[in-house]
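Participant:
In this note's numbering, the protein residues as written are 11 to 203.
Structure, rendered in structure tokens:
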């Protein structure tokens with residue numbers, strides 16, 4: 011959306027988003043209805059539909075904020091003297107985001123909500139990785155293959171973290187992810203017997 015949104019519209023969108031996030035934790039995404047959302051947000055049905063086409067549209071709209079958060083993290087990463095030039099500037103910010111919204115991710119992981127969230131995260135991360143790999147020599151390997159490899163590896167690490175190691179801090183899981191992806195797994199593989 012290029013047009014400026016007024017404060018009242020921003021408050022309405024924020025209330026709807028917060029209502030959806032809290033309902034996802036309580037009921038799971040698939041069980042939440044538009045009526046549940048508007049009741050929780052105390053907003054009329056026509057107001058809801060003036061902003062969104064349905065609950066899926068509302069869920070997807072929340073990922074615009076994530077994209078902006080990751081872009082800001084990328085800029086901060088580049089500005090940091092000790093991290094400037096390091097690839098995959100999105101990873102720590104995404105793990106930190108996941109830690110803040112762990113209950114929502116877990117509650118929506120199964121069913122339609124999980125598929126929507128994964129698709130939106132995949133799209134956002136693919137855009138960022140593509141930007142970072144602009145100078146990749148495609149004679150050795152396709153840039154798009156590398157993009158999908160990195161994003162898939164990240165999503166696998168993200169899912170593993172939520173399912174198996176929730177006590178790890180975002181920085182710890184990020185360090186493991188970066189070590190494997192940036193260094194490759196070759197040196198870690200067992201020697202053939």
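Glycine is no exception: its CB is placed at the ideal position from the N, C-alpha and C atoms.
Just so you know, these numbers come straight off a predicted model, no measurement behind them.
Which of the three DSSP states, helix, strand or coil, is assigned to residue 52?
Facilitator: Coil at residue 52, not helix or strand.
Participant: State the DSSP-derived secondary structure class of residue 77, mapped to helix, strand or coil.
Facilitator: Here residue 77 sits in helix by DSSP.
Participant: Report all residues from its chain with a CB closer than 8 Å to the CB of residue 70; omit the five preceding and five following residues, and keep chain order.
Facilitator: So the qualifying residues of the chain are 126, 130.
Participant: Do residue 118 and residue 62 count as a contact pair if the criterion is CB distance below 8 Å?
Facilitator: Their beta carbons are not under 8 Å apart, which means residue 62 does not touch residue 118 by this criterion.
Participant: In whole angstroms, what separates the C-alpha of residue 110 from that of residue 28?
Facilitator: Distance between the alpha carbons of residue 110 and residue 28: 14 Å.
Participant: Using the three-state DSSP reduction, which class does residue 63 fall into: helix, strand or coil?
Facilitator: Note: residue 63 maps to coil in three-state DSSP.
Participant: Would residue 184 pass as a contact of residue 101 if the rule is Cβ separation under 8 Å?
Facilitator: Yes, the Cβ-Cβ distance between residue 184 and residue 101 is below 8 Å.
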